[in-house]
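Notes to accompany the following structure.
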Amino acid sequence: MLDRFYPIVPDIQWLERLLPWGVKLVQLRIKDRESAAVRDQIRRGMEAAARWDCQLIVNDYWREAIDLGADFIHLGQEDLDQADLAAIRRAGLKIGVSTHDEAELERGLSLDPEYVALGPIYETTLKKMRWAPQGLPRLGQWRKRVACPLVAIGGITLERAAGVFAAGADSVAVVTDIVRQADPQTRTEHWLRQSRTWSR
Numbered sequence: 014m015l016d017r018f019y020p021i022v023p024d025i026q027w028l029e030r031l032l033p034w035g036v037k038l039v040q041l042r043i044k045d046r047e048s049a050a051v052r053d054q055i056r057r058g059m060e061a062a063a064r065w066d067c068q069l070i071v072n073d074y075w076r077e078a079i080d081l082g083a084d085f086i087h088l089g090q091e092d093l094d095q096a097d098l099a100a101i102r103r104a105g106l107k108i109g110v111s112t113h114d115e116a117e118l119e120r121g122l123s124l125d126p127e128y129v130a131l132g133p134i135y136e137t138t139l140k141k142m143r144w145a146p147q148g149l150p151r152l153g154q155w156r157k158r159v160a161c162p163l164v165a166i167g168g169i170t171l172e173r174a175a176g177v178f179a180a181g182a183d184s185v186a187v188v189t190d191i192v193r194q195a196d197p198q199t200r201t202e203h204w205l206r207q208s209r210t211w212s213r
């Protein structure tokens, strides 16, 4: 069962900041680093997550995740094109998958994933997206079709979260509402406190 609050962080420094604040589920999404640095950050992330009893999800780097003994990987659609899914399964990794349209949803569900993520729910400034915001109605439609946990991502703030859960999300992935806050610790603590009030 996924936690309701699912922060995504860009590097090990952010991950090591978040864990003492009480986060129990986090994705390490590293971009534009050399292979040795990626391996070092994943290794350190695994050690920190174990120390703080947190589930770490490694984004994209499935080879490193297998080599280092991680247990959970998140793959985007482009990652799926390159990934050795048989090797991932042999290694026993759980898989989360990004989806944005009907074809991607069908592809994701065929993998028997631990969860599927739908996004962007709202307009996001994190990266340029070729998909328009999906909106809460689409989230509700997919909730009826998806048996596994459904993660909502994209432009979600603490103030929007209750509506996202009401529409059918099991978990909310959060990036900018943490990492671009002037006081990320207080914001994280508010997320954690509020997440306990959202019934499943």
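Just so we're on the same page, the numbering used here is the position in the sequence shown counted from 1, plus 13. Yeah, the Cβ is synthetic: ideal placement off N, Cα and C, and Gly gets one too.
Query raised in the report: How long is the line joining the alpha carbons of V164 and E115, rounded to whole angstroms?
Result: 16 Å
Report task. Ignore the nearest five residues each way along the sequence and tell me which others in Q194's own chain have a CB closer than 8 Å to its CB. Result -> R200
Query raised in the report: Do N72 and Q40 have their CB atoms nearer than 7 Å?
Result: yes
Query raised in the report: Roughly how many angstroms lie between the CA atoms of Q147 and W155, to the nearest whole one?
Result: 11 Å
**Report entry** Q194, enclosing alpha helix (DSSP H) - first and last residue
**Finding:** Where Q194 is concerned, there is no enclosing alpha helix (DSSP H), given that its DSSP letter is neither H nor E.
Report task. For R17, count neighbouring C-beta atoms within 10 Å of its own C-beta (all shown protein chains included) and say buried if the count is 16 or more, exposed if not. Result -> buried
Report task. Give the C-beta separation of A130 and V110 to the nearest angstrom, bearing in mind that I take them to be a contact with Cβ-Cβ under 8 Å. Result -> 7 Å
Requested in this report: Output the distance between the C-alpha atoms of G58 and K44, rounded to the nearest integer angstrom.
Outcome: 15 Å
Report task. For G132, count neighbouring Cβ atoms within 10 angstroms of its own Cβ and tell me buried if that reaches 16, exposed if not. Result -> buried
Query - Residues near I55 in its chain [Cβ-Cβ closer than 8 Å; skip 5 each side] - result: L41, I43, V71, Y74, E77, A78, L81 and A83
Query raised in the report: Which residue from P150, S184 and E172 puts its Cα closest to that of C161?
Result: S184
**Report entry** Where the alpha helix (DSSP H) through Q95 begins and ends
**Finding:** Q90 to Q95
Requested in this report: Classify A214 as buried or exposed, calling it buried when 16 or more other Cβ atoms lie within 10 Å of its own Cβ.
Outcome: With the chain covering only 14 through 213, there is no way to say anything about residue 214.
Query - For Y19, the residue or residues it bridges with in DSSP - result: A186
Query raised in the report: Out of M14, V22 and D53, which has the shortest C-alpha to C-alpha gap to T189?
Result: V22
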